[in-house]
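> The structure is given below, and queries will be raised subsequently.
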Amino acid sequence: MKKDALLEGFLSCHVCTETFRDPVSLSCSHSFCSSCLQKFWEQAKNKNCPICKRRSSKDNPLVNFALKELADSFAGRQKAGSSETEKGEKTLMSLCSKHQEEPKLFCVDEDRAVCPVCEFSLHHGHKVVPVEEAVSDLKEQLISALKSLNPKGQKETKEKQKESTAEKPWKKVGNRESGEKRERHPTERSRLSDVSAADASSD
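All the letters of the sequence shown, read from the start, carry residue numbers 322 to 524 under my numbering.
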């Protein structure tokens, strides 16, 4: 459940805070729902990234189908988990706008999903892998990113634990020395009394 919550954070649009719908990725690698990004740009009167404010080199960024597949799969699981049936597990697949074919392949060189016709005619010579493989790779990247979210905090905690462990022997030594001093005080006072008494008798 905790992993799902963190994964949901990575699959949420920073504009609408909902799970991605037709996500697009900017040149700065930040992603948003296509419609959310267009509305944001219209209101802001510029083409800057809503997060880092860097100007986008893409006026009309294409849908990131690998991210869309992952977001749709996650949304389907969430919906199925709250339903008594598994009908909600099936998600709609976007078709290629040029050939009306299902984009079953992913072009690594152009970072986009493509249909078999596009792969043959437009992406010949590119590195192309099945969409399922691209989605699996993206999942691994997200999980790896989750594990390294706060390495600095973990390091500081470990260092504090080491310091605490190192202080304990010194505390013991300090307590022992204090005890020894307390034990010596009565003896020293007794010796001083004896010396004073001896001086008095000699007078």
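Ideal Cβ positions, reconstructed from N, Cα and C, are used throughout, including at glycine. Remember, it's a predicted structure, so these values are computed and weren't measured experimentally.
Ordered along the chain, which non-local residues of its own chain (more than five positions away) have a Cβ less than 8 Å from that of residue 451?
Here residue 451 refers to the residue found at position 130 of the sequence shown. Around residue 451: 425, 426, 427.
> Using 10 angstroms around the beta-carbon of residue 380, count the other beta-carbons present and answer buried if the total reaches 16, otherwise exposed.
For the purposes of this step, residue 380 is identified with residue 59 of the sequence shown, where counting begins at 1. Under this definition residue 380 is an exposed residue.
> Would you say residue 375 and residue 354 are within 8 Å of each other, going by their C-beta atoms?
To locate residue 375, count along the sequence shown from 1; it is residue 54. To locate residue 354, count along the sequence shown from 1; it is residue 33. No, Cβ-Cβ distance for residue 375 and residue 354 is not below 8 Å.
> Using the Cα positions of residue 333 and residue 341, report the straight-line distance between them to the nearest angstrom.
Translated into positions along the sequence shown, residue 333 becomes position 12. Translated into positions along the sequence shown, residue 341 becomes position 20. Each residue's alpha carbon lies about 5 Å from the other.
> Kindly indicate which residue of 392, 458, 465, 336 has the alpha-carbon position closest to the one of residue 373.
Within the sequence shown, numbered from 1, the residue matching residue 373 stands at position 52. Of the listed residues, the one whose Cα sits closest to residue 373 is 336.
> Can you tell me the Cα-Cα spacing of residue 469 and residue 459, whole angstroms?
In the sequence shown, residue 469 corresponds to position 148, counting from 1. In the sequence shown, residue 459 corresponds to position 138, counting from 1. Those two C-alpha atoms are separated by around 16 Å.
> With DSSP as the reference, label residue 433 as helix, strand or coil.
Working through the sequence shown from its first residue, we reach residue 433 at position 112. Secondary structure of residue 433 (DSSP, three-state): strand.
> On the criterion of 16 or more Cβ atoms from any shown chain inside 10 Å, does residue 385 qualify as buried, or is it exposed?
Stepping through the sequence shown from its first residue, residue 385 is reached at position 64. Buried, since its Cβ has 16 or more Cβ neighbours within 10 Å.
> Using a Cβ-Cβ cutoff of less than 7 Å, which residues in the same chain neighbour residue 430 once the five nearest sequence positions on both sides are dropped?
In the sequence shown, counting from the first residue as 1, residue 430 sits at position 109. Here the set comprises 447, 448.
> Give a yes or no on whether the C-beta atoms belonging to residue 346 and residue 382 are separated by under 8 Å.
Taking the first residue of the sequence shown as position 1, residue 346 is located at position 25. Taking the first residue of the sequence shown as position 1, residue 382 is located at position 61. Yes; because the gap between Cβ atoms is below 8 Å, this pair is in contact.
> How many angstroms separate the CA atom of residue 463 from the CA atom of residue 456?
For the purposes of this step, residue 463 is taken as the residue at position 142 of the sequence shown. For the purposes of this step, residue 456 is taken as the residue at position 135 of the sequence shown. Spanning the alpha carbons of residue 463 and residue 456 requires a straight line of approximately 11 Å.
> Please report the distance separating the alpha-carbon of residue 400 from that of residue 390.
Your numbering for residue 400 matches position 79 in the sequence shown. Your numbering for residue 390 matches position 69 in the sequence shown. Their Cα atoms are separated by approximately 15 Å.
> Go through its chain and collect everything with a Cβ distance to residue 352's Cβ below 8 Å, but skip five positions before and after it.
Looking up residue 352 in the sequence shown gives position 31. These residues qualify, in order along the chain: 334, 341, 344, 345, 346, 385, 388.
> Going by DSSP, name the residue or residues bridged to residue 344.
Along the sequence shown, one-based indexing puts residue 344 at 23. Paired residues: 354.
> For residue 330 and residue 396, I'd like the C-alpha separation in whole angstroms.
Taking the sequence shown and counting its residues from 1, the one referred to as residue 330 is at position 9. Taking the sequence shown and counting its residues from 1, the one referred to as residue 396 is at position 75. Roughly 12 Å separates the two Cα atoms.
> Look up residue 469 in the DSSP assignment and say whether it is helix, strand or coil.
Counted from its first residue, the sequence shown places residue 469 at position 148. In this structure, residue 469 counts as coil in the three-state DSSP scheme.
> In angstroms with no decimal places, state the Cα-to-Cα distance between residue 461 and residue 453.
If you number the sequence shown from 1, residue 461 lands on position 140. If you number the sequence shown from 1, residue 453 lands on position 132. Straight-line Cα distance between these residues: approximately 12 Å.
> Going by DSSP, name the residue or residues bridged to residue 386.
Within the sequence shown, the letter at position 65 stands for residue 386. Its beta-bridge partners do not exist; DSSP assigns none.
> Please report the straight-line C-alpha distance between residue 363 and residue 433, rounded to a whole angstrom.
Counting from 1 along the sequence shown, the entry for residue 363 is found at position 42. Counting from 1 along the sequence shown, the entry for residue 433 is found at position 112. Going from the Cα of residue 363 to the Cα of residue 433 covers about 25 Å.
> Keeping to the same chain, check which residues put their C-beta closer than 7 Å to that of residue 378; ignore five residues upstream and five downstream.
Locating residue 378 in the sequence shown gives position 57, where the first residue counts as 1. Here the set comprises 348.
> Straight-line CA distance for residue 392 to residue 338?
Translated into the one-based positions of the sequence shown, residue 392 becomes position 71. Translated into the one-based positions of the sequence shown, residue 338 becomes position 17. Distance between the alpha carbons of residue 392 and residue 338: 13 Å.
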